[in-house]
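Here is the structure we will look at.
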C-alpha cells in the first residue's frame, strides 16, 4: 500500500510546486462574467465561444468575437492557471483543473497566464 501512496504524493507535491507563492488576485473571486465586461451575469448568452487551457497553452490562442459575445475559458490541464489581461484591468483569478470562467470582452486585447507567463493569447472584438 505504501508503494502506491508515494507516487500519488509525489505527483501532488509536483503539481503544487508549479504554482506561485503569491496570488496576484488575492481577494478577487472570479465572477461568472468579469466586472470589466459590463454585462450582468444574468445576460450571459447561451452560446459562449470556448478557449480550452491544456498542455500549458490556450487553444485557440487567438479568438475573434462579436461585441457582447461571451468567451468561456475551460481549464482542462492538470495544474491551476489564470487568464489575465496584459493591462491587468481584468483577471479570472486562479482556475483549478476542471474549472471554468466566463468573460465578455469590450475591446481587443492580449492576455496571459500570470502563473505560467509563457502562456499567451489574443482577443479581437468586432
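In mature numbering (1 follows the signal peptide of the UniProt record, and there is no 0), the protein residues as written are -20 to -1, 1 to 106. Note that CB positions come from ideal geometry on N, CA and C, so glycine has one too.
What's the C-alpha gap between residue 69 and residue 89?
Within the chain shown, residue 69 is the residue found at index 89, counting from 1. Within the chain shown, residue 89 is the residue found at index 109, counting from 1. Between residue 69 and residue 89, the C-alpha separation is close to 11 Å.
Over what stretch of residues does the beta strand (DSSP E) that includes residue 42 continue unbroken? One-based indexing of the chain shown puts residue 42 at position 62. Here the beta strand (DSSP E) through residue 42 covers 42 to 45.
Worksheet item: Should residue 67 go down as buried or exposed, given a rule of 16 or more other Cβ atoms within 10 Å for buried?
Response: Position 87 of the chain shown, counted from the first residue, corresponds to residue 67. Exposed: under 16 other Cβ atoms inside 10 Å.
Secondary structure of residue 96, DSSP reduced to three states:
The residue given as residue 96 occupies position 116 in the chain shown. Here residue 96 sits in coil by DSSP.
Query - CA-to-CA distance, residue 56 to residue 32, given in whole angstroms - result: Position 52 of the chain shown, counted from the first residue, corresponds to residue 32. Position 76 of the chain shown, counted from the first residue, corresponds to residue 56. Computed Cα separation, rounded: 7 Å.
*Could you tell me which residues DSSP pairs with residue 71 in its beta bridges?*
As a position in the chain shown, residue 71 is number 91, starting the count at 1. DSSP, once it has assigned bridges, lists 64 as partnering residue 71.
Helix, strand or coil: which one does DSSP assign to residue 102? Working through the chain shown from its first residue, we reach residue 102 at position 122. It is a strand residue.
Going by CA-CA distance only, name the one from 27, 63, 46, 87 that's closest to residue 74.
The sequence position of residue 74 within the chain shown is 94, counting from 1. Residue 63 is the option with its Cα nearest to residue 74.
Taking 8 Å as the CB-CB cut-off, is residue 72 touching chain D?
-> Although the question refers to chain D, the structure presented lacks it and comprises just one protein chain.
- Query: Looking at the unbroken beta strand (DSSP E) that takes in residue 37, where does it start and where does it end?
  - Reply: Working through the chain shown from its first residue, we reach residue 37 at position 57. Start and end: 37 to 39.
Checklist entry - Who are the near neighbours of residue 61 in its chain, counting only those whose CB is closer than 8 Å to its CB and skipping five residues on each side? => result Translated into the one-based positions of the chain shown, residue 61 becomes position 81. Correct list, in chain order: 33, 55, 74, 75, 93, 95, 96, 99.
In whole angstroms, what is the alpha-carbon distance linking residue 43 and residue 53? Counted from its first residue, the chain shown places residue 43 at position 63. Counted from its first residue, the chain shown places residue 53 at position 73. Residue 43 and residue 53: Cα-Cα distance of roughly 12 Å.
- How many angstroms separate the CA atom of residue 30 from the CA atom of residue 71? Taking the chain shown and counting its residues from 1, one reaches residue 30 at position 50. Taking the chain shown and counting its residues from 1, one reaches residue 71 at position 91. Straight-line Cα distance between these residues: approximately 17 Å.
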